[in-house]
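No gaps in the numbering here: position 16 of the sequence shown is 9 in the working numbering, and each next residue is one more. Glycine included, every Cβ here is placed at the ideal spot set by N, Cα and C. Just so you know, these numbers come straight off a predicted model, no measurement behind them. Notes to accompany the following structure.
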Amino acid sequence: MGVDVVLMQVTHRGTSLEKRQLTTVEFVQDGADLFSGLCVNSGLPMLNRVDPYRTQILTSADMPQFISEVDATCGLVKGQQERDMLEKIRELAERCAEAASLELHLQGD
């Protein structure tokens, strides 16, 4: 029940949400359920809302809090594998923060 983190490019044609297109830019796969486990045990508001069974969509406006919670979690983990994953997720979040046309999708199973 991992939570993959996917950076998506959003394209709109017109004002209809039906014309909204998503293109995967980059992703971090949570095959070993590391990120989902860190979220469940984080005690932090945004990460605690991550659902391993659903997709949560974050926009550039959500990135300051998301990045701060990823940083806080990274400071607490002891394993290098968890730290590496959180650093990759942070990089995607930083890219998302820079452009309103990007979203970060936290995709549960």
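Counting pairs of beta carbons, one from the stretch 69 to 77 and one from the stretch 13 to 21, are three or more of them closer than 8 Å? no
Alpha helix (DSSP H) containing VAL33: first to last residue? Start at 1 with the first residue of the sequence shown, and residue 33 comes out as number 40. Taken as a continuous stretch (DSSP letters only), the alpha helix (DSSP H) holding VAL33 covers 27 to 33.
VAL3 and SER94 closer than 7 Å at C-beta: Numbered from 1 along the sequence shown, position 10 holds the residue referred to as residue 3. Numbered from 1 along the sequence shown, position 101 holds the residue referred to as residue 94. Contact: yes.
Where do the N-terminal and C-terminal ends of the beta strand (DSSP E) with GLN58 fall, by residue? Within the sequence shown, the letter at position 65 stands for residue 58. Careful: GLN58 lies outside any beta strand (DSSP E), inside the alpha helix (DSSP H) at 56 to 69.
Taking the CB atoms as reference points, tell me whether VAL63 and PHE28 lie closer together than 7 Å. Here the question's residue 63 lines up with position 70 in the sequence shown. Here the question's residue 28 lines up with position 35 in the sequence shown. Cβ atoms of VAL63 and PHE28: not closer than 7 Å.
First through last residue of the beta strand (DSSP E) which encompasses GLN2: Residue 2 sits at position 9 when you count from the first residue of the sequence shown. GLN2 -> beta strand (DSSP E) spans -3 to 4.
Consult DSSP for LEU51 and reduce its assignment to one of helix, strand or coil. To locate residue 51, count along the sequence shown from 1; it is residue 58. Three-state result, LEU51: strand.
Heavy atom of the ligand FAD less than 6 Å from the Cβ of ALA54, yes or no? Here there are no bound small molecules, and the ligand FAD is not part of this structure.
What residue does the alpha helix (DSSP H) around GLN74 start on, and which one ends it? Counting from 1 along the sequence shown, the entry for residue 74 is found at position 81. From DSSP, the alpha helix (DSSP H) with GLN74 extends over 73 to 90.
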